[in-house]
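This report refers to the structure that appears directly beneath it.
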Amino acid sequence: MGIEVVKKLISQKEFITMSLDLNLFFLRIMKEHSFFLEIGFSPRNKNMGEQAAMFRRGFEQLLSEATDLANGNVSANALSSHQVTTQYTLEAERLTNFYTGIPFNLGLTRREEMLQPAGLRMPSARTEEAVVRLDRRAYQLTAELATFKERLLQSVRSCKMFTVNYPLLIEHILREARHFMEMLVKLIHRESITRPEDLLSQEVFWNRQMAEHAKFIAGLLDPSEETLIEAASMFGREFDALTAEAENATKQTMDLAGVTADSRQGTERLRDFKASGTKGILECKIQSIIIPLLGDHVLREANHYLCIILISD
Ligand SMILES: [Fe+2]
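Residue numbers (our numbering): 10 to 322.
Here it is, written out as structure tokens:
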């Protein structure tokens, strides 16, 4: 007989709140990944661009449904962390639309900005059923997008296709799609996604994502922006070290609180760097090939990570 690990199941209300928090954040992230891929193809791969556009519209639709369900059901922590939208999201979408001609549903962004958190009221069985369906559809569409990203990455890595997105960026966003799917599976099985004992593996994951963000920023700034490139490269090295620190901590029992404190402190500084960078791009004070929505996107991911540390620690 094997050892059976009995995991405590979450309540109906926890299931609804955790699902909506997760979907509000990640469905927008997946919608934006689809957009970043869409604008990166050359005329030869027009068909790939069209597929990416279909994913963008599919995720926008799911995000709209998640937003309807989330009003009065999302957690106060998720809203106050600014992982759903930031002070720059609307303006970043407006300018990105101006540059690319691709439409953004600004009404949806405004609805997200107006969301109200869950109160003491118990959610209805109908809400629960709708959230179960949302989780399943989010999983399905994300699995399809992950396959699309995998195929693209394979073609790019083997020099069979060209896109302006870095191979590492495609790998990075594939990792995020898989991470979202893992979290959805836990929720579908009514397991918590905010257990303190899982915090360290979240730190390994997100420190690596933060390191790569810093490297993407360094690589997409105009070469004349030497000071900013140097600052971004320093964050890249710092977060490589933080990833190694968190990985080592999983192998041996060491000062977990110290690792988390280092991760939090580094992420707070990187978040401020991303916020001022996004502002600078929106105000035309920074020269780069960073599409404005990418600045806001990576800022939201830092906010999401800080929220995980806050609620699990
Ligand atoms: Fe990311």
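No residue lacks a Cβ here, since even glycine has one placed at the ideal position from N, Cα and C.
The residues Lys40, Ser43, Phe44, Glu47, in chain order, have a CB closer than 7 Å to that of Arg65 in the same chain once the five nearest residues on each side in sequence are set aside. According to DSSP, Glu200 shares a beta bridge with Leu18. Counted as a single uninterrupted DSSP element, the alpha helix (DSSP H) harbouring Ala250 occupies residues 235-260. In summary, Lys55 is exposed, with fewer than 16 beta-carbon neighbours lying within 10 Å of its beta-carbon over all protein chains present.
The three-state reading of DSSP puts Thr94 in coil, since its state is none of H, G, I, E or B. A direct Cα-Cα distance of roughly 36 Å separates Pro126 from Ile295. Each residue's CA atom was taken as its position, placing Glu185 and Glu310 some 10 Å apart.
The Cβ-Cβ distance between Tyr97 and Leu291 falls below 8 Å.
Around Ser84, the same chain offers Thr26, Asp30, Pro126, Ala127 as residues with beta carbons nearer than 7 Å, after the five sequence neighbours per side are excluded.
Between Thr76 and Leu150, the CB-CB gap reaches or exceeds 8 Å. If you check the C-beta of His222 against ligand 1, you find a heavy atom less than 7 Å away.
In the DSSP assignment, Gly110 falls outside any alpha helix (DSSP H) and carries neither an H nor an E. DSSP places Phe50 within a strand segment (E or B) once states are collapsed to three. Apart from the 5 residues on each side of it in sequence, Ser321 sits with its Cβ closer than 8 Å to the Cβ of Thr203, Arg204, Pro205, Asp207, Leu208, Gln211 in its chain, given in chain order.
Contact between Leu279 and Ala223 holds, with the beta-carbon distance rounding to 7 Å and staying under 8 Å. Scanning Gln21, Thr95, Ser73, Ala79 for the CA closest to the CA of Thr287 turns up Thr95. The beta carbon of Ser164 sits closer than 8 Å to those of Met170, all from its chain and outside the five residues before and after it, given in chain order. Relative to ligand 1, even the nearest heavy atom lies 7 Å or more away from the CB of Glu234. Annotation: the continuous alpha helix (DSSP H) that includes Glu69 extends over 55-79.
Taking the C-beta atoms as reference points, Leu183 is found no nearer than 8 Å to Asn32.
The alpha-carbon separation between Ala240 and Ser133 amounts to approximately 49 Å. For Leu208, the enclosing alpha helix (DSSP H) begins and ends at 208-229. For Gly286, the enclosing alpha helix (DSSP H) has its first and last residue at 265-291. Residue environment for Met57: buried (at least 16 other C-beta atoms within 10 angstroms of its C-beta).
In this structure, ligand 1 has a non-hydrogen atom nearer than 7 Å to the beta-carbon of Glu310.
Selection Glu234, Trp215, Leu237 evaluated against Glu254 yields Trp215 as nearest (Cα-Cα).
An exposed status is given to Gly116, since fewer than 16 other beta-carbon atoms sit within 10 Å of its beta-carbon. By the neighbour-count criterion, in which a residue is buried when 16 or more other Cβ atoms sit within 10 angstroms of its Cβ, His313 is buried.
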